[in-house]
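In my numbering, the protein residues as written are 25 to 321. Glycine included, C-beta positions come from ideal geometry on N, C-alpha and C. Computed from a predicted structure; not experimentally measured. Taking it in order: structure first as structure tokens, then the write-up.
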Ligand SMILES: [Zn+2]
């Protein structure tokens with residue numbers, strides 16, 4: 025009885041954690057695993073979110089994929105029919121570090137006709153930087169921010185990114201070979217890496233802002249996410265998170281802060297602040313890129 029009461033009090037006093045899940049690279053991301061289609065991937069992800077009673081998640085569009093393969097419009101119809109919104113991830117996914125300001129702005133504008141038509145009268149003015157690269161010079165960074173503001177966009181920041189995309193190609197290879205031990209490792213390493221970077225995001229928020237913040241997690245609309253999303257949501261729940269919308273997350277004043285620093289390889293909002301303020305990163309495991317790259321070759 026006393027023990028139960030102590031546990032209850034501990035749960036009640038634990039800071040509430042909130043996170044918005046967001047999906048990049050619609051309508052098609054990464055290698056297609058055998059048996060899957062682009063539409064089945066979108067349907068499975070939507071189903072996993074709805075089963076978990078998650079609020080509608082933003083998907084970030086690269087309309088060039090649609091111009092190359094018009095059948096991909098079906099993916100976006102599935103997404104918007106479920107009541108999930110679409111925002112901009114630029115037309116062709118250029119890296120701002122390697123792109124002129126003018127070309128980058130044109131690429132943002134080129135994405136707009138598709139968003140306008142897919143979203144009807146609804147708001148699509150949220151922008152996710154490709155590769156999270158926000159500018160290798162301060163001039164570029166400031167000019168893109170000003171351009172986005174002038175054109176009515178809000179920047180869809182992220183605070184938790186474990187680079188989930190890196191599991192998609194090995195998963196497609198390992199599934200094609202039916203290599204079950206390798207697939208088991210992909211599943212366990214996906215979850216352990218997610219757990220590591222969720223915790224790192226929480227620690228960085230406390231270092232940067234001195235408190236817990238509402239988080240935004242970056243995910244991709246890929247084949248392995250259909251397998252792992254229910255498990256990832258379970259993990260978030262175990263860690264005390266509730267799922268919120270991107271709009272709710274950005275009501276946290278943390279998202280009004282701007283690290284205002286240029287770099288070739290900027291990351292999440294928290295990583296940008298850590299780098300700008302030269303705060304030492306808490307110890308954390310590295311993402312297993314080398315093993316993922318070599319697996320099932
Ligand atoms: Zn992307």
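Simplified DSSP state of residue i, which is helix, strand or coil
| i | result |
| --- | --- |
| residue 149 | coil |
| residue 179 | strand |
| residue 292 | coil |
| residue 188 | helix |
| residue 319 | coil |
| residue 45 | strand |
| residue 56 | coil |
Whole-Å CB distance - residue i paired with residue j, under 8 Å assumed
| i | j | result |
| --- | --- | --- |
| residue 84 | residue 48 | 5 Å |
| residue 257 | residue 44 | Their Cβ separation, rounded to whole angstroms, is 13 Å, which puts residue 257 and residue 44 out of contact at 8 Å. |
| residue 96 | residue 62 | 6 Å |
| residue 245 | residue 180 | Actually they are not in contact, since the Cβ atoms of residue 245 and residue 180 sit about 15 Å apart, beyond 8 Å. |
| residue 103 | residue 72 | About 14 Å; that fails the 8 Å criterion. |
| residue 120 | residue 286 | Actually they are not in contact, since the Cβ atoms of residue 120 and residue 286 sit about 10 Å apart, beyond 8 Å. |
Cβ-based burial, residue i [other Cβ within 10 Å; buried from 16]
| i | result |
| --- | --- |
| residue 145 | exposed |
| residue 188 | buried |
| residue 89 | buried |
| residue 221 | buried |
| residue 283 | buried |
| residue 16 | It is not possible to answer for residue 16, since the shown part of the chain is limited to 25 through 321. |
| residue 186 | buried |
| residue 184 | buried |
| residue 238 | buried |
| residue 53 | buried |
| residue 313 | exposed |
Residue i Cβ short of 7 Å to ligand 2 heavy atom set
| i | result |
| --- | --- |
| residue 149 | Annotation note on ligand 2: not contained in the displayed structure, which lists ligand 1 as its ligands. |
Cβ pair count under 8 Å reaching 3, the stretch 131 to 140 against the stretch 108 to 116: yes
What are the uninterrupted segments assigned as alpha helix (DSSP H) that are 4 or more residues long and contained completely in the stretch 81 to 131, given in chain order? 88 to 92, 97 to 105
Okay, do the stretch 244 to 259 and the stretch 293 to 303 touch, 3+ Cβ pairs below 8 Å being the bar? no
Contiguous alpha helix (DSSP H) assignments of at least 4 residues, all confined to the stretch 205 to 285: 247 to 262, 270 to 273
Could you tell me whether the stretch 281 to 295 touches the stretch 192 to 205, where touching means 3 or more Cβ pairs closer than 8 Å? no
Kindly confirm or deny that the stretch 52 to 65 and the stretch 74 to 83 touch, where touching means at least three C-beta pairs closer than 8 Å. no
If contact is defined by three or more beta carbon pairs under 8 Å, each pair taking one atom from either stretch, is the stretch 87 to 101 in contact with the stretch 149 to 164? no
Specify whether the stretch 253 to 269 and the stretch 201 to 210 touch according to this definition: at least 3 beta carbon pairs, one from each stretch, less than 8 Å apart. no
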